[in-house]
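Student:
Residue numbers (our numbering), protein chains in the order written: chain A, 972 to 1089; chain B, 22 to 159.
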């Protein structure tokens, strides 16, 4: 296996892990909020699933993007730097994705108003 | 495998992979969308939404894939493209990444559209409730 392949696989696994942790942190409270806000059944599930796609696929897409340039016989720290550089892209993407999603959910809450606030 | 064989094979494989990703996302979101759409008061709108959804997801995926060009600043001719295998692999990664980005944009647009639909449903329900309330008062 080539050094770049190893780097890509490790970066992809770490990106998915980061997305998973983020999803697990957000999911319970977001589900409650969406269930309180949306009248139509299927709405909360649709928005939660779209968040999952946004986080998992997006993080994976950033992890597999081109840019890792490890030569055969690269030292351990070179792997670490290359993977850290990839993870920086992944975290940047996750941050931007969360901001966009948060704006969308804020508009949703403002427009529909949760039942508990009425 | 020669670089030309790799180019042909990888192009169609990545296209299939992108389409597969789009299809998986479509199936993943289809069930809640169908439940949501079947509860809408306008039946024609429901039919339109459920029929447009796969197109609205798969078309952006294909658009993202096709928008990546093999020709770059220093790589203009077919022979120059074929010269470097690492360049071909990079373009494949770029195709995959771009189609994922387009897919995510499509999902966000559907989110926003469903938000508008739900606001419209809420307004139409409130509109229907109001005359009943006033008639009770009178």
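The beta-carbon is built from N, C-alpha and C at its ideal position, and this holds for glycine as well.
Assess, as a yes-or-no matter, whether the stretch 45-58 of chain B is touched by the stretch 1073-1081 of chain A under the definition of 3 or more beta carbon pairs within less than 8 Å.
Tutor: Cβ pair count under 8 Å is below three, so no.
Student: Please check if any C-beta of chain B sits within less than 8 Å of the C-beta of residue 1017(A).
Tutor: The count along the first chain starts at 1 and reaches residue 1017(A) at position 46. So, interface residue.
Student: So for residue 65(B), helix, strand or coil by DSSP?
Tutor: By one-based count along the second chain, residue 65(B) stands at place 44. Helix, per DSSP.
Student: Measure the C-alpha to C-alpha separation of residue 75(B) and residue 44(B) and round it to an integer number of angstroms.
Tutor: As a position in the second chain, residue 75(B) is number 54, starting the count at 1. As a position in the second chain, residue 44(B) is number 23, starting the count at 1. If I take the Cα positions, the gap works out to 8 Å.
Student: Would you tell me roughly how many angstroms separate the C-alpha atoms of residue 39(B) and residue 98(B), rounded to the nearest one?
Tutor: Stepping through the second chain from its first residue, residue 39(B) is reached at position 18. Stepping through the second chain from its first residue, residue 98(B) is reached at position 77. Residue 39(B) and residue 98(B): Cα-Cα distance of roughly 26 Å.
Student: Which term fits residue 57(B), buried or exposed, when burial requires 16 or more other beta carbons within 10 angstroms of its beta carbon?
Tutor: To locate residue 57(B), count along the second chain from 1; it is residue 36. Counting Cβ neighbours within 10 Å, residue 57(B) comes out buried, since at least 16 surround it.
Student: Report the rounded CA-to-CA distance for residue 158(B) versus residue 146(B), giving the unit in angstroms.
Tutor: In the second chain, the residue the question calls residue 158(B) occupies position 137. In the second chain, the residue the question calls residue 146(B) occupies position 125. Confidence is the limiting factor: at residue 158(B) the pLDDT is only 48, short of 50, which leaves the residue's position unreliable, though a coordinate-based value still follows. Answer to the nearest angstrom: the Cα atoms are 19 Å apart.
Student: Could you tell me which chain B residues have their CB closer than 7 Å to the CB of residue 986(A), listed as they occur along the chain?
Tutor: What you label residue 986(A) is simply residue 15 of the first chain in a count that begins at 1. Per Cβ cutoff of 7 Å: no residues; residue 986(A) is ~12 Å from chain B at best.
Student: Is the shortest distance between the beta-carbon of residue 1098(A) and the beta-carbons of chain B less than 8 Å?
Tutor: Residue 1098(A) lies beyond the stretch modelled for chain A, which goes from 972 to 1089, so this question has no answer here.
Student: Would residue 1077(A) count as contacting chain B if we go by Cβ distances under 8 Å?
Tutor: For the purposes of this step, residue 1077(A) is taken as residue 106 along the first chain, with counting starting at 1. No, no contact with chain B.
Student: State yes or no: is the beta carbon of residue 142(B) nearer than 8 Å to at least one beta carbon in chain A?
Tutor: Here the question's residue 142(B) lines up with position 121 in the second chain. Judged by the 8 Å Cβ criterion, residue 142(B) is in contact with chain A.
Student: I want to verify the contact list: residues of chain B whose CB lies under 8 Å from the CB of residue 1010(A), in sequence order.
Tutor: For the purposes of this step, residue 1010(A) is identified with residue 39 of the first chain, where counting begins at 1. Within 8 Å Cβ-Cβ: 139, 142, 143, 146.
Student: Determine the chain B residues that contact residue 1071(A) at a beta-carbon separation under 7 Å, and present them in chain order.
Tutor: Looking up residue 1071(A) in the first chain gives position 100. Within chain B, the residues near residue 1071(A) are 129.
Student: What does residue 1021(A) touch in chain B if you count any residue whose Cβ is under 8 Å from its own?
Tutor: Against the first chain, residue 1021(A) aligns to sequence position 50. By Cβ distance, chain B contributes 50, 128, 129, 131, 132.
Student: In terms of residue numbering, what span does the alpha helix (DSSP H) encompassing residue 1032(A) cover?
Tutor: Counting from 1 along the first chain, the entry for residue 1032(A) is found at position 61. Start and end: 1014-1035.
Student: Alpha carbon to alpha carbon, what distance is there between residue 62(B) and residue 136(B)?
Tutor: Your numbering for residue 136(B) matches position 115 in the second chain. Your numbering for residue 62(B) matches position 41 in the second chain. Rounded to the nearest angstrom, the two C-alpha atoms are 15 Å apart.
Student: Count the other CB atoms within 10 Å of the CB of residue 1051(A); is the residue buried (16 or more) or exposed (fewer)?
Tutor: The residue given as residue 1051(A) occupies position 80 in the first chain. Looking at its Cβ environment, which holds fewer than 16 other Cβ atoms inside 10 Å, residue 1051(A) is exposed.
Student: If you draw a straight line from the C-alpha of residue 977(A) to the C-alpha of residue 1072(A), how long is it?
Tutor: Walking along the first chain from the start, residue 977(A) turns up at place 6. Walking along the first chain from the start, residue 1072(A) turns up at place 101. One C-alpha to the other measures close to 32 Å.
Student: So is residue 30(B) buried or exposed if we call it buried at 16+ other beta carbons inside 10 Å?
Tutor: Counted from its first residue, the second chain places residue 30(B) at position 9. It counts as exposed.
Student: Could you give the uninterrupted runs of the alpha helix (DSSP H) lying entirely in the stretch 45-100 of chain B, keeping only those of 4 residues or more?
Tutor: Taking only runs of at least 4 residues, the alpha helix (DSSP H) segments lying wholly in the stretch 45-100 of chain B are 64-87.
Student: Residues of chain A with CB closer than 8 Å to the CB of residue 46(B), please, in chain order.
Tutor: The count along the second chain starts at 1 and reaches residue 46(B) at position 25. Within chain A, the residues near residue 46(B) are 1024, 1028.
Student: Just the chain B side, please: which residues come within less than 8 Å of residue 973(A) by C-beta, in chain order?
Tutor: To locate residue 973(A), count along the first chain from 1; it is residue 2. Simply none; closest approach about 10 Å.
Student: Nearest CA to the CA of residue 1084(A): which residue from 126(B), 144(B), 125(B), 132(B)?
Tutor: Here residue 1084(A) corresponds to residue number 113 of the first chain, with the count starting at 1. Nearest of 126(B), 144(B), 125(B), 132(B) to residue 1084(A), Cα basis: 144(B).
Student: Roughly how many angstroms lie between the CA atoms of residue 85(B) and residue 113(B), to the nearest whole one?
Tutor: Locating residue 85(B) in the second chain gives position 64, counting from the first residue. Locating residue 113(B) in the second chain gives position 92, counting from the first residue. If I take the Cα positions, the gap works out to 12 Å.
Student: Hey, would you say residue 1030(A) sits closer than 8 Å to residue 989(A), going by beta carbons?
Tutor: Start at 1 with the first residue of the first chain, and residue 1030(A) comes out as number 59. Start at 1 with the first residue of the first chain, and residue 989(A) comes out as number 18. Yes, the Cβ-Cβ distance between residue 1030(A) and residue 989(A) is below 8 Å.
Student: Would you be able to state if there are at least three C-beta pairs under 8 Å between the stretch 88-98 of chain B and the stretch 115-130 of chain B?
Tutor: Judged by Cβ distances under 8 Å, the stretch 115-130 of chain B makes contact with the stretch 88-98 of chain B, as three or more pairs qualify.
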